[in-house]
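Asks: My questions all concern the structure below.
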Amino acid sequence: MCDSEFRHGLLRLVSLMIRFSSVLLGLALFGAAAASPGAAAETGAEAWLRYAPLDPKAANNYERLPGQVLVLGNSSVLRSAQQELVQGVAQMLGRSLTLGTGSPTADAIVLGKLADVHALAPGLNPPEELTADGYWLASSRVRGHDCLLIAATTDRGVLYGVFALLSKIARIDDVSALDEVRQPYALLRWVNQWDNLDGTIERGYGGPSIFFAGGRVREDLTRAGQYARLLASIGINGCTINNVNADPHILDDTFIAQISRIADVFRPWGVRLALSADLSSPKALGDLDTFDPLDPRVAEWWRKKVDAIYRQIPDFGGFVVKADSEGRLGPSAYSRTHADAANVIARALKPHGGVVFYRAFVYNHHLDWRNLKNDRAKAAYENFHPLDGAFDENAIVQIKNGPIDFQVREPVSPLFAGLRRTNEAIELQITQEYTGQQRQLCFLVPMWKEVLDFDMRIENNATPVKALVAGRIFHRPTGGLAGVANVGADANWLGSPLAMANLYGFGRLAWDPTLSSETIIEEWTRLTFGNDPLVVRTIAALQLDSWPVYESYTGPLGAGTLTNILGNHYDPGPESSEENGWGQWHRADHDGIGMDRTVATGTGFIGQYPPEVQKLYESLASCPDELLLFFHHVPYTYVLHSGKTVVQHIYDSHYEGAERVQASIARWKTLEGHVDEQRYRDILARFEYQAGQAVVWRDAICNWIYHLSGIADVRPRTSDLRPQTSYLGLSDVGP
Ligand code: GCV
């Protein structure tokens, strides 16, 4: 054994001893807490709610945390808040909080709605007015005792405040003198699940459904309840549980009773259950001979159906609707508009406080690819902009972030600026359909930040997408963010431990889109892997690099993810985009590449943006390199702002991307002994697999572009990287 091996072995031994002794310490000190899921093998099931025991030095910071918890009021959400607090404090600090009632008899953590807090301490007021779901954390004297108040206007807000306090403790933040108000940026913060009733999940990569199996709601809904807890911890307040390609039978009367069981396990976490509905349901279920939204019988059908749902699920959130899209039936069957379709459902929901999210993902997938003026990107705006103002107040148009379909890089959808008298929500995709399907690392928060921060310059004013979707610019009654999550029954929810940063990040951005990617990933890493600075630094950096890295070997210069769009959306397959009606064209031929979407010579798509943005994209001089091929068709020899030709950029970025993934392996290996063995090995294997996949992509795309362009790489290169596609049976065969 050489010296360094010996030192390494010794270090590992010491680290194991430390971990062993802290386990013993944990067992001795924390009693029941040590048997908690957080102390068990790290499968990732607890995600960012591990509440791992703090080391004694860190725990000392919380010596003065009150030992009593007082809950003002009684509801299932408040009970969750109390239990969460007791569990978190026990696991992290090894202290058992005592439960009090009435008024504090010792220093206490006081949980309750502001009105109830005022009954105890009339003079106490937050520094700013609390809106729905916002909370106030404050250190204050109450009836002679030092108290930590967690107050809100709703029970749900109190629960959010408890999660915030526990997150601070887990990240060793100071909680000794708090006076902070946190308010959600947008009212509606939902996740969508694309679960089918047979238990499969469309574009799900984390195992089968936690809700359905064999055409029924699962008997055991433990995971569904745990999911709601995770969602609540990041401020998500609604969840649709079934695929937007909806099976009409979800609305069968007998099925609603089953679904109400899922609502029951969501309710204690303040998560409203919602459903995807098929617009043709009145006819498809055999009740009527039509689903024409303007037929009074159809309106009556929806009203009765919705009333029946609310009888069983009083806090039902509403519906998401996909219509006239990818073969789904829609209002066009009766020459009606999308507003007619949305409103017939919205009106049924209105008396109960429900909402309908109507998806703008409407396009013709039989477009004539030979017509260079055809452009799928134009579809959402063309369909919905003329209807601005025609949607009811509780209808929301749900718009995918980009005009195509969750590609690795797209400009923002111009429709965000095209609706001023209509509620909007942005749809982001947490499940990594086109971005590595959780087998490859791609932290999407930086991409989402770019979209949310993008300034549409409506009437030459600052009008960022985040403010538009929250309804802040045009003073809309509601709006928000929807994330397609698709968690499954795998222990770690999304099929990969590092991918959970995307779910966490979605929730944090929906709550506060002004948070930076760096802040979000640091929070997530500390909560998920602990506070070891090396671990935090390394994982945060790997995550922050991962989107540009993935883009560099899969989707250059805005051409779209050059994947097999007709099959698994995962392997390289640039030829599959062309010569079909799906409209994910990159128009690569022997002379050049890219879609001409200019007003001057192309499809005219750019004309859908407000003037300042049009100007930015229309001109080659100002169009950013990363979106060049989305907006322009150029010869391979076209010189980018970077000084490289397009073709050379494609070669270089693919080689660099593959090298950077290879380098991730070494970066990850620095964490051996700093991360629990189970997750260390799992993630290492994933990086090794990804390094192989990056080589597969590099070689496929470089060969393709060479054969198309006939222009050789100026640096003829070979690589010593070898594809490693055998990991965990994840070959290059897609889902
Ligand atoms: C649920 C893309 C996906 C489909 C998805 C669709 C949508 O086309 O590949 O699986 O369908 O988007 O968002 O409706």
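Residues 150 to 884 (our numbering) are what the sequence shown spells out, left to right. Ideal Cβ placement from N, Cα and C applies to all residues, glycine included.
Is Y459 closer than 7 angstroms to H501 when the C-beta atoms are compared?
Replies: Taking 7 angstroms as the Cβ cut-off, H501 and Y459 qualify as a contacting pair.
Asks: Please report the straight-line C-alpha distance between E559 and V684, rounded to a whole angstrom.
Replies: If I take the Cα positions, the gap works out to 32 angstroms.
Asks: Thinking A196 and W642 are a contact (beta carbons under 8 angstroms), I'd like their distance in whole angstroms, please.
Replies: Indeed, because the Cβ distance is near 7 angstroms, the residues count as touching under 8 angstroms.
Asks: Verify whether the separation of the beta carbon atoms of Y284 and G261 is less than 7 angstroms.
Replies: The answer is no: Cβ separation not under 7 angstroms.
Asks: Determine the contact status of A423 and T371, defining contact as a CB-CB distance below 7 angstroms.
Replies: No, these two residues do not count as a Cβ contact at 7 angstroms.
Asks: In whole angstroms, what separates the C-alpha of T794 from that of A528?
Replies: One C-alpha to the other measures close to 32 angstroms.
Asks: Please work out which residues of its chain come closer than 7 angstroms, Cβ to Cβ, to G479, disregarding the five sequence neighbours upstream and downstream, and give them in chain order.
Replies: Only L428, A472, D473 and A490 meet the Cβ criterion.
Asks: Taking contact to mean 3 or more Cβ pairs, one atom from each stretch, closer than 8 angstroms, check whether the segment 831 to 838 and the segment 778 to 790 are in contact.
Replies: Judged by Cβ distances under 8 angstroms, the segment 831 to 838 makes no contact with the segment 778 to 790, as fewer than three pairs qualify.
Asks: For the alpha helix (DSSP H) that contains G685, what are its first and last residues?
Replies: Position check: residue 685 holds Val in this sequence, whereas Gly was assumed. P682 to T703 is the extent of the alpha helix (DSSP H) around V685.
Asks: How long is the line joining the alpha carbons of G751 and L568, rounded to whole angstroms?
Replies: Answer to the nearest angstrom: the Cα atoms are 24 angstroms apart.
Asks: I need the straight-line Cα distance from T192 to G822, nearest angstrom please.
Replies: Approximately 17 angstroms between the Cα atoms of the pair.
Asks: Round the Cβ separation of L778 and H739 to the nearest angstrom and send it over; I've been treating them as touching at under 8 angstroms.
Replies: That pair is no contact at about 16 angstroms.
Asks: Are the Cβ atoms of V557 and S666 separated by less than 7 angstroms?
Replies: No, the Cβ-Cβ distance between V557 and S666 is not below 7 angstroms.
Asks: What does DSSP give as the partner residue(s) for V218 in the beta ladder?
Replies: Beta-bridge pairing links V218 to L248 and I258.
Asks: Based on the DSSP output, what are the partners of F361 in its beta bridges?
Replies: DSSP lists V366 as partners of F361.
Asks: Taking the alpha helix (DSSP H) that E531 belongs to, which residues open and close that run?
Replies: Per DSSP, E531 belongs to the alpha helix (DSSP H) from A528 to F533.
Asks: Beta-carbon within less than 6 angstroms of A887's beta-carbon, same chain only, minus the 5 sequence neighbours each way: which residues are those?
Replies: With the chain covering only 150 through 884, there is no way to say anything about residue 887.
Asks: Under 7 angstroms Cβ to Cβ from Y804, same chain only, skipping five residues before and after it: list those, please.
Replies: So the qualifying residues of the chain are R847 and R866.
Asks: I want to know whether the segment 763 to 777 touches the segment 536 to 556 - three or more CB-CB distances under 8 angstroms.
Replies: At 8 angstroms Cβ cutoff, the stretches do not touch.
Asks: So, for L664: in the same chain, excluding its five sequence neighbours on each side, which residues have a beta-carbon less than 7 angstroms away from its beta-carbon?
Replies: For L664, where only same-chain residues beyond five positions count, the Cβ hits under 7 angstroms are R657 and L658.
Asks: Closer than 6 angstroms: is that where the CB of K522 sits relative to any heavy atom of the ligand GCV?
Replies: K522: no, Cβ never under 6 angstroms from the ligand GCV.
Asks: Which same chain residues, not among the five before or five after A611, have their C-beta less than 7 angstroms away from its C-beta?
Replies: Once the five neighbours on either side are set aside, the close Cβ partners of A611 are D604.
Asks: Relative to the alpha-carbon of L564, which residue among I545, E582, S224 and I579 has its alpha-carbon at the smallest distance?
Replies: The option with the nearest alpha carbon to L564 is I545.
Asks: Could you name the residues of the same chain whose beta carbon sits closer than 6 angstroms to that of A497, not counting the 5 residues immediately before and after it, in chain order?
Replies: Result list for A497: W451, R452 and V455, in chain order.
Asks: Do the segment 242 to 251 and the segment 214 to 223 make contact, defined as three or more Cβ pairs closer than 8 angstroms?
Replies: Yes: the two stretches touch, three or more of their Cβ pairs being nearer than 8 angstroms.
Asks: List the whole-angstrom C-beta distance separating P91 from Y354, where the pair is believed to meet the contact cut-off of C-beta under 8 angstroms.
Replies: The first residue shown for the chain is 150 and the last is 884, placing residue 91 beyond what the model contains.
Asks: Give the DSSP-derived three-state secondary structure of G467 in the structure shown.
Replies: Three-state result, G467: strand.
Asks: State the Cα-Cα distance for the pair R864 and R625, rounded to the nearest angstrom.
Replies: Cα-Cα distance, rounded: 55 angstroms.
Asks: Assign Q827 to one of two classes, buried (16 or more other C-beta atoms within 10 Å of its C-beta) or exposed (fewer than that).
Replies: That one is exposed.
Asks: Cα-Cα, which of G707, D825 and R446 is closest to G679?
Replies: Out of G707, D825 and R446, D825 has the C-alpha closest to the C-alpha of G679.
Asks: With three or more C-beta pairs closer than 8 angstroms as the rule, is the segment 834 to 841 touching the segment 721 to 734?
Replies: The segment 721 to 734 is not in contact with the segment 834 to 841.
Asks: How about R352: is its Cβ closer than 6 angstroms to a heavy atom in the ligand GCV?
Replies: R352 Cβ: within cutoff of the ligand GCV.
Asks: Please state if the CB of G435 and the CB of G467 are separated by a distance shorter than 7 angstroms.
Replies: Their beta carbons are not under 7 angstroms apart, which means G467 does not touch G435 by this criterion.
Asks: For the alpha helix (DSSP H) that contains A300, what are its first and last residues?
Replies: Taken as a continuous stretch (DSSP letters only), A300 belongs to no alpha helix (DSSP H), being part of the beta strand (DSSP E) at H294 to A301.
Asks: Using a Cβ-based criterion (distance less than 6 angstroms to any ligand heavy atom), does K471 qualify as near the ligand GCV?
Replies: Flag set: Cβ of K471 near the ligand GCV.
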